[in-house]
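To keep things clear, I will list the structure first and then write my remarks on it.
2 protein chains.
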Amino acid sequence: MSFRFELIKTNSSSKARRGRMFTAHGIVETPVFMPVGTQGSVKSVDPTDLQTMGCEIILGNTYHLYLRPGTDVIEQFRGLHRFISWNGSILTDSGGFQVFSLAKIRQINNDGVLFQSHIDGSKHLFTPEKAVEIQEKLGSDIAMSLDECTPYPVERAYAEQSVKRTIEWAKRGKMRHERRDQALFGIVQGSVFVDLRLRCLDALMEMGFDGYAIGSLSVGEPKEVMFEVLEQILPHFPENSPRYIMGVGTPEDIVEAVSLGVDMFDCVLPTRNARNGTLFTSFGKINIKKNEFVRDENPIDPLCSCYTCRNFSRAYLRHLYVSRELLSYRLNTIHNLHYYLELFRQIRKAIEQDCYEDWKRNFYKRRGET
Amino acid sequence: MSFRFELIKTNSSSKARRGRMFTAHGIVETPVFMPVGTQGSVKSVDPTDLQTMGCEIILGNTYHLYLRPGTDVIEQFRGLHRFISWNGSILTDSGGFQVFSLAKIRQINNDGVLFQSHIDGSKHLFTPEKAVEIQEKLGSDIAMSLDECTPYPVERAYAEQSVKRTIEWAKRGKMRHERRDQALFGIVQGSVFVDLRLRCLDALMEMGFDGYAIGSLSVGEPKEVMFEVLEQILPHFPENSPRYIMGVGTPEDIVEAVSLGVDMFDCVLPTRNARNGTLFTSFGKINIKKNEFVRDENPIDPLCSCYTCRNFSRAYLRHLYVSRELLSYRLNTIHNLHYYLELFRQIRKAIEQDCYEDWKRNFYKRRGET
Chain A
1 MSFRFELIKT NSSSKARRGR MFTAHGIVET PVFMPVGTQG SVKSVDPTDL QTMGCEIILG
61 NTYHLYLRPG TDVIEQFRGL HRFISWNGSI LTDSGGFQVF SLAKIRQINN DGVLFQSHID
121 GSKHLFTPEK AVEIQEKLGS DIAMSLDECT PYPVERAYAE QSVKRTIEWA KRGKMRHERR
181 DQALFGIVQG SVFVDLRLRC LDALMEMGFD GYAIGSLSVG EPKEVMFEVL EQILPHFPEN
241 SPRYIMGVGT PEDIVEAVSL GVDMFDCVLP TRNARNGTLF TSFGKINIKK NEFVRDENPI
301 DPLCSCYTCR NFSRAYLRHL YVSRELLSYR LNTIHNLHYY LELFRQIRKA IEQDCYEDWK
361 RNFYKRRGET
Chain B
1001 MSFRFELIKT NSSSKARRGR MFTAHGIVET PVFMPVGTQG SVKSVDPTDL QTMGCEIILG
1061 NTYHLYLRPG TDVIEQFRGL HRFISWNGSI LTDSGGFQVF SLAKIRQINN DGVLFQSHID
1121 GSKHLFTPEK AVEIQEKLGS DIAMSLDECT PYPVERAYAE QSVKRTIEWA KRGKMRHERR
1181 DQALFGIVQG SVFVDLRLRC LDALMEMGFD GYAIGSLSVG EPKEVMFEVL EQILPHFPEN
1241 SPRYIMGVGT PEDIVEAVSL GVDMFDCVLP TRNARNGTLF TSFGKINIKK NEFVRDENPI
1301 DPLCSCYTCR NFSRAYLRHL YVSRELLSYR LNTIHNLHYY LELFRQIRKA IEQDCYEDWK
1361 RNFYKRRGET
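Okay, structure coming up:
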């Protein structure tokens, strides 16, 4: 089955969109949050946990999986789904972001990126063709084109160069892409320069991708700048394709980006914060290690219906955290992921009922932010 | 409801016993294995996991829980069951073993043990009365008398002294014990000196306990010596009370101890080994980190029906282990605990069918040990 996106409803008072993706592994309701399963595992939870939470799609990192266990191992298992025992949808990134952020880059030129593994120092070359080939072997439902990421701040000339390269690489990746059961998304670069972003988007739209991602935002620029860029560029995206903002973000970032018309999100925040004891609630964040929770018999969030909140007190969760018990990571992660997935259920419902802006006001009100 | 033990069946060709304990939290079929939940958590698994595996009783460590989160916190929660959200039975040890093995002992005399916390160096005194009081506050279903553990090897004179102290402390603890819904067990000390063990046992039997434990075995003495001691002393234990060998052991140790008439076991082996990648199977142990498993599509044990074996390959489990993914600890622990609990289900069935010795031969045969 080939990939398809259906726009179900747009909001009258904002640009929020309610949609549905059909992938080779099922239906994904949008706006959607994709938990990050970097090395083939969403840290500390298992596939049954994810299913129970109502997760429909996870993200896998091509860079990590290519290095370990290696593409050939996963190919032998007929793809990542069977290797990790996950029957929902999977999106894989291109590996580009990790090459730029984790690996020691030896050389970047128009052909591709030569880098050294952060694990054992071995040398590897990622070309746009190779990024697509690896993802075809991983068998993800949605693959991403190799792009050149930019840091913030960045010179306009550098951003312009990276846009040029990103377009060229997207073209080469698309040429190589063969799997009919796998969608291929293009990535819009251009840092905070709106005209560069639009130039990149136009070129990608001309080639025609199954979806369009926005890279190199939320990389240090002020929030206003991020939302300004999004507001300026999103109206130019094709209406009937999903829009994915990579690596974003906090609940607040998400709530805003949805109202500007973004459909897809991924972020390590819920899983990483869980491991640091930072827990999301309807009234804001708390850190479970605080002394005030020593005797607290309440659940993390009285409004939450996750496994952790249904069964355990803040006092017990604090005890697990300060005692460095492994169960702490699991229970905290279940809660934080449930929080994110529930947030998106609420977002989707609010868009369906055409009351997204009201819902948003209420979201901030509960946190004491008006 | 007060504690009761029912001897259901004894084996005709060995001393293996099939029994049943009735605690304030339900029925525990014996022989039984008690997973160790040192700090109020069986490491890396949650109460639902334990329930799913058919676990009926877990062990909590008084020493750890007393120091953190503190007896008063758990008392506020009306006991350990509610604090950790476990509705099955709980046995707590007396804290003695940890005081002797983990803490810096400041002073031991007939009154009790003065020690320093391994966490923050704070000073505490455990007396036999206090060990009982703490366990009454923890609200475990089975409490243990404070005893003096001996290392191996130990001088006879020292062992004799520790037996004397253990008897005296058992008496004082029993005097203090009030909770009718909590069983109190005595602990037989005496190292490898059978006459000292029997002297200790006689004194405890005269006081009358709900069950009788054997301490300070499997502490470095040769296996033959351990089994020799067990064989000599067990026939003198009261028939209608449960017999508990503390901290034992490997599957082989357990299979032998059961045939000598032991009813209860606890050990960190399945949980600790899981975290080191050592997994128990019907054909012996394997270490999942080995290179030979890189592409192995088989489950850990094709005969195993645990969640891990039903869903994941050795290749994936190896990948999780070498990638230091938190899920590795959980999936390995689920398998190893399931292995132990399933071993006990088989043991109980074999005793019921009066074919324990046949079953035991088959157990060794599957591992290539005849």
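Listed in order, the protein sequences are those of chains A and B.
Reminder that position 29 of the first sequence reads as 29 in the working numbering, one-by-one numbering, no gaps.
Reminder that position 142 of the second sequence reads as 1142 in the working numbering, one-by-one numbering, no gaps.
In this text, a Cβ means the ideal position worked out from N, Cα and C, and glycines have one as well.
- Chain order gives the chain B residues near residue 69 of chain A as 1294, 1295, 1315, 1316, 1318, 1319, 1322, 1323, where near means a beta carbon separation below 9 Å.
- The beta carbon of residue 280 of chain A lies closer than 6 Å to those of 336, 339 in the same chain, with the five residues before and after it left out.
- Counting along the chain, the unbroken beta strand (DSSP E) around residue 1021 of chain B starts and ends at 1017-1023.
- For residue 311 of chain A, the neighbours in chain B by C-beta distance under 9 Å run, in chain order, 1046, 1047, 1048, 1085.
- Secondary structure of residue 10 of chain A (DSSP, three-state): strand.
- For residue 1246 of chain B, the three-state secondary structure derived from DSSP is coil.
- Taking CB atoms only, residue 1066 of chain B has no neighbour in chain A less than 8 Å away.
- Per the DSSP secondary-structure output, residue 1171 of chain B pairs with nothing in a beta bridge.
- DSSP places residue 152 of chain A in the coil class of the three-state scheme, outside both helix and strand.
- Straight-line spacing of the CA atoms in residue 1062 of chain B and residue 1171 of chain B works out to 19 Å.
- Flagged as an interface residue toward chain B: residue 73 of chain A, by a C-beta distance shorter than 8 Å.
- For residue 118 of chain A, the secondary structure class from DSSP, reduced to helix, strand or coil, is coil.
- Non-local beta-carbon contacts of residue 1236 of chain B in its own chain, meaning distances under 7 Å to residues more than five positions away in sequence, involve 1198, 1201 in chain order.
- Burial check for residue 208 of chain A: the Cβ neighbour count within 10 Å stays below 16, so the residue is exposed.
- Here residue 182 of chain A carries a coil assignment [DSSP, helix/strand/coil].
- If you ignore the 5 residues before and after residue 129 of chain A, its C-beta comes within less than 7 Å of the C-beta of 172, 173, 176, all in its own chain and listed in chain order.
- When A:278, A:254, A:80, A:295 are compared, the shortest CA-CA separation from residue 346 of chain A is found for A:254.
- In the assembly as shown, residue 153 of chain A is an exposed residue. Its beta-carbon has fewer than 16 other beta-carbons within 10 Å.
- Contact annotation: residue 300 of chain A and residue 317 of chain A have beta-carbon atoms nearer than 8 Å.
- Residue contact check for residue 1212 of chain B against chain A: no CB pair falls below 8 Å.
- Residue contact check for residue 1260 of chain B against chain A: no CB pair falls below 8 Å.
- Each of B:1260, B:1332, B:1124 was checked against the Cα of residue 1224 of chain B, and the nearest Cα belongs to B:1260.
- In this structure, residue 1058 of chain B and residue 1037 of chain B form a Cβ contact; the two beta carbons are roughly 5 Å apart against a cut-off of 8 Å.
- For residue 1043 of chain B, the residues of chain A that pass the 9 Å Cβ criterion are 325, 326, 327, in the order they occur in the chain.
- Here residue 213 of chain A is bridged, per DSSP, to A:187, A:244.
- The C-alpha of residue 1245 of chain B is placed about 42 Å away from the C-alpha of residue 86 of chain A.
- Annotated as proximal: residue 1003 of chain B and residue 1022 of chain B, with beta-carbon spacing under 8 Å.
- Here residue 1081 of chain B carries a helix assignment [DSSP, helix/strand/coil].
- The closest CA to that of residue 117 of chain A, considering only A:81, A:126, A:109, is found on A:126.
- For the 8 Å CB-CB criterion, residue 1216 of chain B and residue 1191 of chain B form a contact.
- Looking only at A:352, A:149, A:333, A:359, the smallest Cα-Cα distance to residue 35 of chain A is reached by A:333.
- At a cut-off of 8 Å between C-beta atoms, residue 40 of chain A counts as an interface residue with respect to chain B.
- Against chain A, the CB of residue 1076 of chain B has a partner CB under 8 Å away; the residue lies at that interface.
- Leaving aside the five residues that flank residue 196 of chain A on each side, the residues in its chain whose CB is nearer than 7 Å to its CB run, in chain order, 159, 160, 163, 190.
- Interface criterion met: the Cβ of residue 1330 of chain B is under 8 Å from a Cβ in chain A.
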